[in-house]
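Under my numbering, the residues of the sequence shown are numbered 66 to 318, in order.
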Amino acid sequence: MFKNLTWLVFLTLLAVILWAETEPATGAAEAVAESDEEYVEHLYEPANKDSTALMFKAADQALFVMPTAYTMPKGQWAFTDFELLILQLTYAPTDRLHLSAGTVFPIDLELLRSFTVGAKFNYLRHESVQCAFYGSFTPDPDVRIANIGHVLSFGDPRSSIHLGVSKPFGTFEDLIEGGFVASLGGIVDLSKRVAALGELYLYTSAREPAQVFALGLRFKGKDISWDLGGIRPFGVIWDGFIAIPFIKATIVF
66 MFKNLTWLVF
76 LTLLAVILWA
86 ETEPATGAAE
96 AVAESDEEYV
106 EHLYEPANKD
116 STALMFKAAD
126 QALFVMPTAY
136 TMPKGQWAFT
146 DFELLILQLT
156 YAPTDRLHLS
166 AGTVFPIDLE
176 LLRSFTVGAK
186 FNYLRHESVQ
196 CAFYGSFTPD
206 PDVRIANIGH
216 VLSFGDPRSS
226 IHLGVSKPFG
236 TFEDLIEGGF
246 VASLGGIVDL
256 SKRVAALGEL
266 YLYTSAREPA
276 QVFALGLRFK
286 GKDISWDLGG
296 IRPFGVIWDG
306 FIAIPFIKAT
316 IVF
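Here it is, written out as structure tokens:
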């Protein structure tokens, strides 16, 4: 029953996103048109006169975990804290490229072995469609994990749908048996400062296939955004279990 409910909620979210993309505002549209236009102009104001990057709120470069094709303006930094434990620092040397480094908070020196570097390159921007390749690598010889992927984003930072696929390699390849990860996500503004977002992951391993669903809210600011929600793996048998709480903070500077 819960599985059917989560599918219904997720499909409803995507339907709202599609509606927001295609339907004009009604009712008091004339009264709020000017402020909406100012909001859009702020979102799409170039970072500088020679830049094609979009000015967007903190964290628009990703959903909960799933990357979007959107990239920060040239010269911008972002610090992200997942669940108070996983830390990531990202830099945009160009309007289309992200370079990042992350690690689990070093409660113990052994956790520094989780140090991971990554990159994302936006190679296509055409009206409401953007595409990017991304990848990450954990160099510790006892871990040695790599991941490469691609994401296709439709819409804009106010409401968008994202389709992704990635392929992990490395130490855990025996566990995943060469499987791919397919992802579907979406975000839609509920107001100028609050958005609803959701993600669905499908792990295609022949031995250990899995599906993970996340749903929550983003509280957006110009320089800092907070994500609050829950993550639930399908197929978990645990009386009374609803979801694992999720919190993420992103600061841009």
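By construction, the Cβ of each residue, glycine as well, lies at the ideal position given by its N, Cα and C atoms.
Extent of the continuous beta strand (DSSP E) to which residue i belongs
i: Phe219; result: Ile210 to Asp221
i: Pro158; result: Ile151 to Thr159
i: Thr136; result: No beta strand (DSSP E) holds Thr136; DSSP gives it neither H nor E.
i: Leu174; result: No beta strand (DSSP E) contains Leu174, which DSSP labels as neither H nor E.
i: Pro206; result: Run containing Pro206: none; DSSP gives neither H nor E here.
i: Leu255; result: Segment: none, Leu255 is in no beta strand (DSSP E) and carries neither H nor E.
i: Asp146; result: Trp142 to Phe147
Chain-order list of residues whose beta-carbon lies under 8 Å from that of residue i (same chain, five-residue window excluded)
i: Asp205; result: Arg178, Ser179 and Phe180
i: Phe170; result: Leu149, Leu150, Ile151, Leu152 and Leu176
i: Val194; result: Leu217, Ser218 and Phe219
i: Trp303; result: none
i: Asp173; result: none
Anticipated Cβ contact below 8 Å, residue i with residue j, distance rounded
i: Asn187; j: Arg161; result: 4 Å
i: Phe282; j: Ala260; result: The sequence shown places Leu at residue 282, rather than the Phe named in the question. Between Ala260 and Leu282 the Cβ distance is about 7 Å, and since that is below 8 Å, they are a contact.
i: His163; j: Lys139; result: Rounded, the Cβ-Cβ distance is 11 Å, inconsistent with contact.
i: Gly235; j: Arg209; result: 5 Å
Beta-carbon proximity check, residue i vs residue j, cutoff 8 Å
i: Ala143; j: Thr269; result: no
i: Ile59; j: Ile309; result: In this structure the chain extends from 66 to 318, so residue 59 is not present and cannot be described.
i: Gln141; j: Ala157; result: yes
i: Met137; j: Val253; result: no
Distance cut-off 7 Å: residue i Cβ against heavy atoms of the ligand FMN
i: Asp146; result: The ligand FMN is not among the ligands present in this structure, which contains no ligands whatsoever.
Neighbourhood of residue i by C-beta, 6 Å cutoff - its chain only, sequence neighbours within 5 removed
i: Ser231; result: Asn212, Gly214 and Val246
i: Ser248; result: Met131, Gly229 and Tyr266
i: Gly183; result: Ser165 and Ser201
i: Ile307; result: none
Residues bridged to residue i [DSSP beta-bridge criterion]
i: Gly330; result: Outside the shown range of the chain (66 to 318) lies residue 330, about which nothing can therefore be said.
i: Lys287; result: The partner list for Lys287 (beta bridge, DSSP) is empty, contrary to what the question assumes.
i: Asp292; result: Arg283 and Lys313
i: Lys232; result: Ile213
i: Thr269; result: DSSP lists no partner for Thr269.
i: Ala308; result: Its beta-bridge partners do not exist; DSSP assigns none.
i: Gln195; result: Arg190 and Ser218
7 Å CB neighbourhood of residue i in its chain, flanking five on each side removed
i: Phe284; result: Arg258, Val259, Ser290 and Trp291
i: Gly305; result: none
i: Ala127; result: Thr133
i: Lys114; result: For Lys114, the pLDDT reaches just 40, beneath the cut-off of 50, and the residue's location in the model is therefore unreliable, although a value from the coordinates is still provided. Within the same chain, Lys114 has no close Cβ partners at all.
i: Leu255; result: Ala261
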